[in-house]
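J.: For the sequence shown, the working numbering begins at 384 and goes up steadily by one.
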Amino acid sequence: ALGFLGWPVCSRLVWSDVPPWLLPVPEVDFTFLGRCRDGGVAGAFQDLMGLDWGSHLQLYTDDSKDPDSGQVAVGLVVPHLCFSFGCRLRDHCSMFTAELVAILCALRWVKERRG
384 ALGFLGWPVC
394 SRLVWSDVPP
404 WLLPVPEVDF
414 TFLGRCRDGG
424 VAGAFQDLMG
434 LDWGSHLQLY
444 TDDSKDPDSG
454 QVAVGLVVPH
464 LCFSFGCRLR
474 DHCSMFTAEL
484 VAILCALRWV
494 KERRG
């Protein structure tokens, strides 16, 4: 399904030697949850992005599916660098697939720039 981007596709699932319950627990930032309880979700989000994450490069992903035609597309935007990327996926693929492809595009983009 990802051949159109020139990315190799794993033909088999590779299992980790470490059971998932032994992996370290990831750190999760729940500060946004407390900020939006008072209402004004959009303002709380903008405040969080500007104050807590303002020094970080912000990437935004999105996907879209036309319910009539089944056409699906994904996009990646990096506003600070005036960068945007978008591509069509196979018609009628799921929104879950589109979400994951959009995130994969963002991760690939970061990896290519850090390499």
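Beta carbons: idealized from backbone N, C-alpha and C, even for Gly.
Note that the structure is a prediction, hence the values are computed from the model and not measured.
Return helix, strand or coil for L472, following the three-state DSSP convention.
T.: Against the sequence shown, residue 472 aligns to sequence position 89. Note: L472 maps to strand in three-state DSSP.
J.: Is D412 helix, strand or coil by DSSP?
T.: Against the sequence shown, residue 412 aligns to sequence position 29. Coil.
J.: Helix, strand or coil: which one does DSSP assign to A384?
T.: For the purposes of this step, residue 384 is taken as residue 1 along the sequence shown, with counting starting at 1. Residue placement at A384 cannot be trusted, given a pLDDT of 47 that sits under 50; the coordinates are not used to answer.
J.: If you count every other CB in all the chains shown that lies within 10 Å of the CB of L459, and 16 or more means buried, which is it?
T.: For the purposes of this step, residue 459 is taken as residue 76 along the sequence shown, with counting starting at 1. L459 should be labelled buried.
J.: Have a look at T480 and C465 and give me their C-alpha separation to the nearest angstrom.
T.: Walking along the sequence shown from the start, residue 480 turns up at place 97. Walking along the sequence shown from the start, residue 465 turns up at place 82. Approximately 26 Å, taken between the alpha carbons.
J.: With a threshold of 16 other CB atoms inside 10 Å of the CB of A425, please say whether the residue is buried or exposed.
T.: Sequence index remark: in the sequence shown, residue 425 carries index 42 (1-based). That one is exposed.
J.: With respect to the beta strand (DSSP E) encompassing G433, which residues constitute its N-terminal and C-terminal limits?
T.: Position 50 of the sequence shown, counting from 1, holds the residue named residue 433. That residue, G433, is in no beta strand (DSSP E); its alpha helix (DSSP H) goes V424 to L434.
J.: Within 10 angstroms of the Cβ of V408, are there 16 or more other Cβ atoms? Answer buried if so, exposed if not.
T.: Taking the sequence shown and counting its residues from 1, one reaches residue 408 at position 25. Exposed is the call here.
J.: Quickly, what does DSSP pair S447 with across the bridge? List them, please.
T.: Counting from one through the sequence shown, the residue named residue 447 turns up at place 64. DSSP output for S447 lists A456 as bridge partner(s).
J.: Which same chain residues end up closer than 7 Å to L440 when comparing Cβ atoms and leaving out the 5 residues on each side of it in sequence?
T.: Within the sequence shown, numbered from 1, the residue matching residue 440 stands at position 57. Excluding sequence neighbours, L440 sits near V461 and H463.
J.: So which of S438, H475 and G437 has the shortest CA-CA distance to D449?
T.: Position 66 of the sequence shown holds residue 449. Of the listed residues, the one whose Cα sits closest to D449 is H475.
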